[in-house]
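> Before I ask anything, let me first share the structure, which is written out below as structure tokens.
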Amino acid sequence: MDLIPLLAELGVFGSTLPQKYGCAALNNIAYGLIMQELERGDSGVRSFASVQSALVMYPIFTFGSEDQRNYWLPKLASGKKIGCFGLTEPDFGSNPGGMITRAEKVDGGYVLNGAKMWITNGTIADVSVVWAKLDGVVHGFLVEKAFKGFSAPETKNKHSLRASVTSELILDNVFVPESHLLPNTSGLKSPLMCLSQARYGIAWGVIGSMVVAYTTALNYAKSRIQFSKPIAAFQLTQAKLVHMITEITKAQLLVLQLGRLKDQGKARFTQISLAKRNNCEIALDLCRISREILGANGILDEYPVMRHAANLESVKTYEGTHEMHTLIIGEDITGFPAFE
Ligand SMILES: Cc1cc2nc3c(=O)[nH]c(=O)nc-3n(C[C@H](O)[C@H](O)[C@H](O)COP(=O)(O)OP(=O)(O)OC[C@H]3O[C@@H](n4cnc5c(N)ncnc54)[C@H](O)[C@@H]3O)c2cc1C
Numbered sequence: 001m002d003l004i005p006l007l008a009e010l011g012v013f014g015s016t017l018p019q020k021y022g023c024a025a026l027n028n029i030a031y032g033l034i035m036q037e038l039e040r041g042d043s044g045v046r047s048f049a050s051v052q053s054a055l056v057m058y059p060i061f062t063f064g065s066e067d068q069r070n071y072w073l074p075k076l077a078s079g080k081k082i083g084c085f086g087l088t089e090p091d092f093g094s095n096p097g098g099m100i101t102r103a104e105k106v107d108g109g110y111v112l113n114g115a116k117m118w119i120t121n122g123t124i125a126d127v128s129v130v131w132a133k134l135d136g137v138v139h140g141f142l143v144e145k146a147f148k149g150f151s152a153p154e155t156k157n158k159h160s161l162r163a164s165v166t167s168e169l170i171l172d173n174v175f176v177p178e179s180h181l182l183p184n185t186s187g188l189k190s191p192l193m194c195l196s197q198a199r200y201g202i203a204w205g206v207i208g209s210m211v212v213a214y215t216t217a218l219n220y221a222k223s224r225i226q227f228s229k230p231i232a233a234f235q236l237t238q239a240k241l242v243h244m245i246t247e248i249t250k251a252q253l254l255v256l257q258l259g260r261l262k263d264q265g266k267a268r269f270t271q272i273s274l275a276k277r278n279n280c281e282i283a284l285d286l287c288r289i290s291r292e293i294l295g296a297n298g299i300l301d302e303y304p305v306m307r308h309a310a311n312l313e314s315v316k317t318y319e320g321t322h323e324m325h326t327l328i329i330g331e332d333i334t335g336f337p338a339f340e
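Using my numbering, you'd call the opening residue of the sequence shown number 1 and step up by one each time.
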């Protein structure tokens, strides 16, 4: 929590959005580099910034009214308010279109009922962007923490993303005023557009974890002596280090080009899936190789590698699992949807 005002001061939150809302108006490559550097520290810190920016500020900016933008965006940019994004449900993860959470129209607003699960920032959020079906169509609602019938218990005992709060959202007859419906959404496509934003940031972010895995292994290999030589002097170790730096370079070039396309409005969601899928998988591979180079020391929390590896297990799963991105790309190149 103590990092939030510092990150806000640096302009991290909603950094690609316009200055009139208190944001930094950066391009997508600068945004990506921010994600990379935050995740070099910890994926949990990057997750906080990703959710605040791509899953809360982006939908308010894209689907919200001017009143909603003016009210929420400066508060979220300055970190005075925290947000979360509630799409996943206990029984609907990879298939969010099946969601059970419902909104019913009543005088002056809506009544929401349902439950969301695995929600980053949920317990600490002042506002939740909750996706619910109204007459069978998915809509976005801004649910404030104080609304009666709303609660957000924290999910405990995680082995992954321990620096990030994960929660359930419970909506028990929650009255949401008309002013809190996002007016410009268009069904399930709208939350999926938010996920594309977040996936783009993840594809950059995980490179931060790769860099930590690589630099930790390189430094260790240069100083660890076995058979009277630094282990970095053995060809097998060098092959591992060369593989790591090659994969980091490829991952960076992939997102650099994706960022250029995104700045031109030409990035397709399938290209974002390709980058998210590849970079998460490679980041996990590189953590494992780094841990190998560290030998037994690699399992200690004195070194950051296992923490990053454990974090990446979540990052590989959230915002669309590795398998779902495989199916998205598979459909794009073959024309055959293989989801069902
Ligand atoms: C730490 C963390 C934070 C998260 N934060 C958020 C958040 O802020 N907001 C939010 O809405 N959600 C969040 N999520 C939820 C995340 O997006 C889901 O976990 C993810 O979409 C997968 O859903 P699931 O866990 O229900 O897995 P399931 O959908 O049950 O999938 C289980 C396995 O089956 C595979 N599978 C499913 N369908 C198919 C298929 N058709 N073909 C082949 N394989 C298939 C999956 O790939 C996976 O391997 C978070 C998750 C974690 C772990």
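We put the CB at the ideal spot given by N, CA and C, even for glycine. The structure displayed is predicted, hence computed values, not measured ones.
I'd like the list of long-range same chain contacts for ILE29, defined as Cβ closer than 8 Å, with 5 residues on each side in sequence excluded.
Result list for ILE29: LEU256, GLY259, ARG260, ASP263, in chain order.
> In this structure, how does DSSP classify ILE100 when only helix, strand and coil are distinguished?
ILE100 falls in the coil class under three-state DSSP.
> Shortest alpha-carbon distance to ALA239 belongs to which of GLN252, LEU286, LEU254?
For the residues GLN252, LEU286, LEU254, the minimum Cα distance to ALA239 belongs to LEU286.
> Could you give the distance in angstroms between the alpha-carbon of SER196 and the alpha-carbon of ASN297?
Taking the straight line joining both Cα atoms gives about 37 Å.
> Mind checking which residues open and close the alpha helix (DSSP H) that includes ALA77?
That run of the alpha helix (DSSP H) goes 66–77.
> What separation, rounded to the nearest whole angstrom, lies between the Cα atoms of LEU73 and PHE141?
In a straight line, the C-alpha of LEU73 is about 15 Å away from that of PHE141.
> Work out the CA separation of TYR303 and GLY187 for me, nearest whole Å.
Cα to Cα, GLY187 sits roughly 45 Å from TYR303.
> Are there 16 or more other CB atoms within 10 angstroms of the CB of GLN271, so buried, or fewer, so exposed?
Classification for GLN271: buried.
> I'd like the list of long-range same chain contacts for THR88, defined as Cβ closer than 8 Å, with 5 residues on each side in sequence excluded.
Counting only Cβ-Cβ distances below 8 Å, and skipping sequence neighbours, we find PRO96, LYS116, MET117, TRP118, ILE119.
> For the beta strand (DSSP E) that contains PRO5, what are its first and last residues?
Unbroken run through PRO5 is the alpha helix (DSSP H), 3–9; no beta strand (DSSP E).
> Would you call the stretch 171–191 and the stretch 236–252 touching, i.e. three or more CB-CB distances under 8 Å?
The stretch 171–191, when compared against the stretch 236–252, does not touch it at the 8 Å Cβ threshold.
> Rounding to the nearest angstrom, what Cα-Cα distance links VAL143 and ALA152 in this structure?
Cα to Cα, VAL143 sits roughly 11 Å from ALA152.
> Is TYR200 near ligand 1, going by C-beta to nearest heavy atom under 7 Å?
TYR200: no, Cβ never under 7 Å from ligand 1.
> For VAL174, list the residues DSSP reports as bridge partners.
Answer by DSSP bridge pairing, in chain order: LEU112.
> What I want to know is whether the C-beta of ILE4 ends up closer than 7 Å to one or more non-hydrogen atoms of ligand 1.
Every heavy atom of ligand 1 is 7 Å or more from the Cβ of ILE4, so no.
> According to DSSP, is PHE339 helix, strand or coil?
Correct three-state label for PHE339: coil.
> With a threshold of 6 Å on Cβ separation, who are the neighbours of HIS139 within its own chain once the five nearest residues in sequence on each side are excluded?
So the list reads THR185, once near-sequence residues are dropped.
> Is VAL51 close to ligand 1? I mean its beta-carbon at under 7 Å from any heavy atom of the ligand.
Answer for VAL51: yes, Cβ within range of ligand 1.
> To the nearest angstrom, how far is the alpha carbon of ALA49 from that of GLY108?
So the alpha carbons of these two residues sit roughly 33 Å apart.
> Is the stretch 300–314 in contact with the stretch 154–164, if contact means three or more CB pairs nearer than 8 Å?
The stretch 300–314 vs the stretch 154–164: in contact.
> Mind checking whether the beta-carbon of GLU319 lies closer than 7 Å to any heavy atom of ligand 1?
At least one heavy atom of ligand 1 is nearer than 7 Å to the Cβ of GLU319, so yes.
> Would you list the one or two residues that DSSP bridges to CYS84?
Looking at the DSSP assignment, CYS84 forms a beta bridge with SER128.
> In three-state terms, what does DSSP make of HIS159?
If DSSP states are grouped into helix, strand and coil, HIS159 belongs with coil.
> Cutting at 6 Å between CB atoms, please list the residues of its own chain near ASN27, excluding the five before and the five after it.
Only ASP263 meet the Cβ criterion.
> Quick one: what's GLY140 bridged to in DSSP?
For GLY140, which the question treats as bridged, DSSP gives the partners TRP131.
> Shortest alpha-carbon distance to HIS322 belongs to which of ARG46, ASN279, SER43, GLU340?
Closest by alpha carbon: ASN279.
> Expressed to the nearest angstrom, what Euclidean distance is found between the alpha-carbon atoms of LYS158 and GLY44?
Using only the alpha carbons, I get a separation of about 12 Å.
> Can you tell which of ASN219, GLU9, VAL127, ILE4 has its C-alpha closest to the C-alpha of GLY86?
Checking every option, the nearest Cα to that of GLY86 belongs to VAL127.
> Residues in the same chain with beta-carbon distance under 7 Å from LEU274, minus the five sequence neighbours each way, listed in chain order, please.
Correct list, in chain order: ILE329.
> Going by DSSP in three states, THR321 sits in which element: helix, strand or coil?
DSSP places THR321 in coil when its eight states are reduced to three.
> By a C-beta neighbour count over all protein chains shown, 10 Å radius and 16 as the cutoff for buried, is ASN121 buried or exposed?
Burial call: buried.
> With respect to 7 Å, is the separation between the Cβ of LEU161 and the closest non-hydrogen atom of ligand 1 below this value?
Yes, Cβ of LEU161 sits closer than 7 Å to a heavy atom of ligand 1.
> What is the DSSP secondary structure of THR185, reduced to helix, strand or coil?
Looking at THR185 - three-state DSSP - the assignment turns out to be coil, as it is neither helix nor strand.
> Beta-carbon within less than 7 Å of PHE269's beta-carbon, same chain only, minus the 5 sequence neighbours each way: which residues are those?
Here the set comprises SER196.
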